[in-house]
Amino acid sequence: MRAAPHVTAVAGDMSNSVEAKDGMENPEFQMEERESREVIVTNFSAGPADTVEASAYSQIQPYAGMPREVLLIYSHRARYRLPRELIFWLIIACTLALVALTVTVVALSPRCLSWWQSSPVYQVYPRSFRDGDGDGVGDLRGIREKLDHFQYLNIKAIWISPFYTSPMKDFGYDVEDFRDVDPIFGTMQDFEDLLTAMHEKGLKMIMDFIPNHTSDKHPWFQKSRENVEPYSNYYVWTNCSIDKPPNNWVSVFGNSSWTYDPLRKQCYLHQFLKEQPDLNFHNPDVKREMTDIIHFWLEKGVDGFRMDAVKHMLEAQHLRNEPQVDPEQPPETVDTEFELHHDYTYTQVGMHDILRGFRVVMDTYSREPGRYRFMVTESYDYEEIDKTMMYYSTDFIKEGDFPFNFYLLDLPQGLSGTRAHELVDLWMSNMPKGKWPNWVVGNHDKPRMSSSAGKEYIRAINMLMLTLPGTPTTYYGEEIGMENVHINISDIQDPFGKFNPNSSRDPQRSPMQWSSGLNAGFSENQTGTWLPIHPDYLTVNVETEKGNSSSVLEQYRRLSHLRESELALHRGWMCYIWKDTNVFAYLREMDGLRRAYLVLLNFGEAAKTDLAFIKELPSDLTVHTSTIPVNNGKRYSKSDIPTGKGEGLVLEFSSYQRFHPGHKSECYISEPACYLGALNILYQC
Ligand code: GLC
Numbered sequence: 001m002r003a004a005p006h007v008t009a010v011a012g013d014m015s016n017s018v019e020a021k022d023g024m025e026n027p028e029f030q031m032e033e034r035e036s037r038e039v040i041v042t043n044f045s046a047g048p049a050d051t052v053e054a055s056a057y058s059q060i061q062p063y064a065g066m067p068r069e070v071l072l073i074y075s076h077r078a079r080y081r082l083p084r085e086l087i088f089w090l091i092i093a094c095t096l097a098l099v100a101l102t103v104t105v106v107a108l109s110p111r112c113l114s115w116w117q118s119s120p121v122y123q124v125y126p127r128s129f130r131d132g133d134g135d136g137v138g139d140l141r142g143i144r145e146k147l148d149h150f151q152y153l154n155i156k157a158i159w160i161s162p163f164y165t166s167p168m169k170d171f172g173y174d175v176e177d178f179r180d181v182d183p184i185f186g187t188m189q190d191f192e193d194l195l196t197a198m199h200e201k202g203l204k205m206i207m208d209f210i211p212n213h214t215s216d217k218h219p220w221f222q223k224s225r226e227n228v229e230p231y232s233n234y235y236v237w238t239n240c241s242i243d244k245p246p247n248n249w250v251s252v253f254g255n256s257s258w259t260y261d262p263l264r265k266q267c268y269l270h271q272f273l274k275e276q277p278d279l280n281f282h283n284p285d286v287k288r289e290m291t292d293i294i295h296f297w298l299e300k301g302v303d304g305f306r307m308d309a310v311k312h313m314l315e316a317q318h319l320r321n322e323p324q325v326d327p328e329q330p331p332e333t334v335d336t337e338f339e340l341h342h343d344y345t346y347t348q349v350g351m352h353d354i355l356r357g358f359r360v361v362m363d364t365y366s367r368e369p370g371r372y373r374f375m376v377t378e379s380y381d382y383e384e385i386d387k388t389m390m391y392y393s394t395d396f397i398k399e400g401d402f403p404f405n406f407y408l409l410d411l412p413q414g415l416s417g418t419r420a421h422e423l424v425d426l427w428m429s430n431m432p433k434g435k436w437p438n439w440v441v442g443n444h445d446k447p448r449m450s451s452s453a454g455k456e457y458i459r460a461i462n463m464l465m466l467t468l469p470g471t472p473t474t475y476y477g478e479e480i481g482m483e484n485v486h487i488n489i490s491d492i493q494d495p496f497g498k499f500n501p502n503s504s505r506d507p508q509r510s511p512m513q514w515s516s517g518l519n520a521g522f523s524e525n526q527t528g529t530w531l532p533i534h535p536d537y538l539t540v541n542v543e544t545e546k547g548n549s550s551s552v553l554e555q556y557r558r559l560s561h562l563r564e565s566e567l568a569l570h571r572g573w574m575c576y577i578w579k580d581t582n583v584f585a586y587l588r589e590m591d592g593l594r595r596a597y598l599v600l601l602n603f604g605e606a607a608k609t610d611l612a613f614i615k616e617l618p619s620d621l622t623v624h625t626s627t628i629p630v631n632n633g634k635r636y637s638k639s640d641i642p643t644g645k646g647e648g649l650v651l652e653f654s655s656y657q658r659f660h661p662g663h664k665s666e667c668y669i670s671e672p673a674c675y676l677g678a679l680n681i682l683y684q685c
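When we follow the UniProt record's numbering, the leftmost residue of the sequence shown carries the number 1, and every step to the right adds one.
Below, the structure written as structure tokens:
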């Protein structure tokens, strides 16, 4: 309302101003001016008070600092409108293009690897890793003293076997208090200090979680025995007589899985020791209690769980006898796990739902960047691999990130190149598409590879794990080539070993060999250690192997770094190339990257391998890493690649020709990605 009178006055003063004059001399402007005056005069009348302001506007060009109404008068003219519209549409087009580009980049970018994919997982058995308080048994303080070891090996994910309060009948897998640390391992403060120290060094902690059972000393069980509510139904109880179990079910550790309790005058189920009563997961209170414990540790900041013995979590409620493997065997002689088909005690319907429920909780703690909480499941399904694969999440339902792959543990039985191929392929060909593989060659339950396969093969076995696609899990000591220790039958500590000495797990649990000093640097205790130290500790130990390029340790370290730094190794294609009695070979390559690797592993006798028929390979290949370091840097013709007994080779070559496009059925990739050298980026392809 204030501007219109200015314009009515413009005509009178305009001839006095230079700007106005210029404008007046412009016939077009004169015409525009006249038109505008007409328009405005018809709409507004000038009051005397507006005359001064109006004259001010007469001094300036109509398009300089003009009020809105004036602007509107000119804005529809083509010479103003067109550039304006042009700029407007340009901005819209650029915005849309940017949005489209962002969406495309996001859609085409392959997912970044999570921490549990980019690093090997290292298993610490806390009793045996390092004794920080000098009592001969390893503990949490001891682990904290050795964090540099993980950094040295370029390992960022550490799984620690149980350290909960426990009567130690199964060395911590019998838990008396899920919310506290056993004094033998330290205090809750020691745990918190360890976790803080690990996080400060960029290390992740995976805890063992034992949902299937508790210790018989757990307060829940004590109350359950007394039939105190709500605990009476926390375990699996049924009527029976003192000397006759309710059915033929047997424990994993041997003999009946039922024990009569004189207090409650019923039998309770235990799929492991009688001191490890099975929780009753049909009871929702049990699920809630166990979920609360998961919350407890996630709140404290742990980064993941290894879920123990999950296939045992549910049992059929009808309690029928399980079918015998050999129907002719006298039933009273059936006392081991392998003599029954576990149709009613293993992998029951509903078991996966329990794990999925745990996963939901873990996901609520996974939202902060870099704080993904990882879940790995432990289930020995032997040849029933489809059961194992069920633990992988699907696109719709999240569960474990992977189930442990225990199939390579069978490598020593018939060790050969063909056997290695068969076991690797067993996993690869059964794994759901797009999932992440993993490899285990030892743990606290299984004999060490360097003893069962032979120590001349340990380097090639480590090389296999570290160069296959997926996450390798390394049991403490494998990185230095530790072997099983001999334990006299009378000295056996393991309850499973007491039932069957051939199944004793003590030999693979001997103390870690850090140095050639007292107790191999494991403990300062003058009176010994909880299990004997392996006599080879004078040469097989971290200190001695450090810096020695031909040691198992240095080779592990070199490959662990190579795995992380080479795209082809950590997220490229894996293609089978060769298998025979002696040798197993595969390629690791990525589209867009010239550098590729051929891994050739000898699991038999010295051999020469002729790969001349593989046209995608250049005629000569360079040894990047051999388990026999004098061979590093050598060039081999592809028609004649020599390997010594147990030698492993990572051969490097440069080529734009890729093998996988022509051999889809022999190749595997988790999530396809290509490398764009010009921009140094990866994209989905
Ligand atoms: C798992 C553990 C094993 C333990 C058993 C019972 O299999 O790896 O050591 O004895 O569960 O908890």
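The beta carbon of each residue, even a glycine, is placed where N, CA and C say it ideally should be. In this text the structure is predicted, and so the values were computed from the model without any measurement.
Using beta-carbon positions only, say whether residue i and residue j come within less than 8 angstroms of one another.
| i | j | result |
| --- | --- | --- |
| CYS667 | CYS674 | no |
| SER523 | PRO511 | yes |
| MET362 | MET375 | yes |
| TYR392 | LYS435 | yes |
| LEU140 | PRO126 | yes |
| GLU315 | VAL325 | no |
| HIS213 | PHE272 | yes |
| ASN248 | ASN321 | yes |
| PHE406 | TYR365 | no |
| LEU569 | ARG588 | yes |
| LEU651 | VAL630 | no |
| CYS267 | PRO284 | no |
Short of 7 angstroms in beta carbon distance, which residues of its chain neighbour residue i, apart from the five on each side in sequence? Order them along the chain.
| i | result |
| --- | --- |
| ASP410 | LEU423 |
| LYS498 | ILE492 |
| ALA453 | LEU411, PRO412, LEU415, ILE461 |
| ASP445 | ARG505 |
| GLN117 | TRP436, THR471 |
| LYS287 | PHE281, ILE354, GLY357 |
| PHE644 | At residue 644 the sequence reads Gly, which differs from the Phe that was named. Excluding positions up to five away in sequence, the list reads ASN602, ALA606, ILE628. |
Among all the DSSP beta bridges, which residues are the ones paired with residue i?
| i | result |
| --- | --- |
| PRO472 | TRP439 |
| GLU85 | GLU85 is not bridged to any residue. |
| TRP237 | TYR268 |
| VAL583 | ASN602 |
| LEU649 | LEU600, SER626 |
| ILE206 | TRP159, GLY304 |
Within the same chain, show all residues whose beta-carbon is closer than 8 angstroms to that of residue i, passing over the 5 residues directly before and after it, in chain order.
| i | result |
| --- | --- |
| ILE397 | ARG356 |
| GLY662 | GLU616 |
| VAL39 | With a pLDDT of only 42 at VAL39, under the threshold of 50, the placement of this residue in the model should not be trusted, and no figure is reported. |
| LYS533 | With the sequence shown as reference, residue 533 is identified as Ile, and Lys is not the correct amino acid for it. For ILE533, where only same-chain residues beyond five positions count, the Cβ hits under 8 angstroms are VAL485, SER510, PRO511, GLN513, ASN519, ALA520, PHE522. |
| ASN541 | ILE480, GLN513, TRP514, SER515, SER516, ALA520, GLY521 |
According to DSSP, is residue i part of a helix, a strand, or is it coil?
| i | result |
| --- | --- |
| PHE499 | helix |
| PHE358 | helix |
| TYR164 | strand |
| SER118 | helix |
| SER626 | strand |
| PRO618 | coil |
| GLY304 | strand |
| THR336 | coil |
| SER451 | helix |
| HIS199 | helix |
| LEU279 | strand |
| TRP297 | helix |
| GLY677 | coil |
| ARG144 | helix |
| ARG595 | strand |
| LEU98 | helix |
Below 6 angstroms CB to CB, which residues in the same chain sit around residue i once its five sequence neighbours on both sides are set aside?
| i | result |
| --- | --- |
| THR347 | LYS311, LYS387 |
| GLN493 | ASP506 |
| ASP177 | THR165 |
| ASN438 | PHE402, ASN405, GLY470, THR471 |
Just checking residue i against the ligand FMN - is the residue's beta carbon closer than 7 angstroms to any of the ligand's heavy atoms?
| i | result |
| --- | --- |
| ILE533 | The ligand FMN is not part of the structure shown, which contains the ligand GLC as its ligands. |
For chain B, check one thing: does any of its Cβ atoms lie closer than 8 angstroms to the Cβ of residue i?
| i | result |
| --- | --- |
| VAL599 | The chain inventory of the structure shown lacks chain B, comprising one protein chain alone. |
Any residues whose CB sits closer than 5 angstroms to a heavy atom of the ligand GLC? List them in chain order? ASP170, TYR173, PHE272, ASP308, ALA309, ASP445
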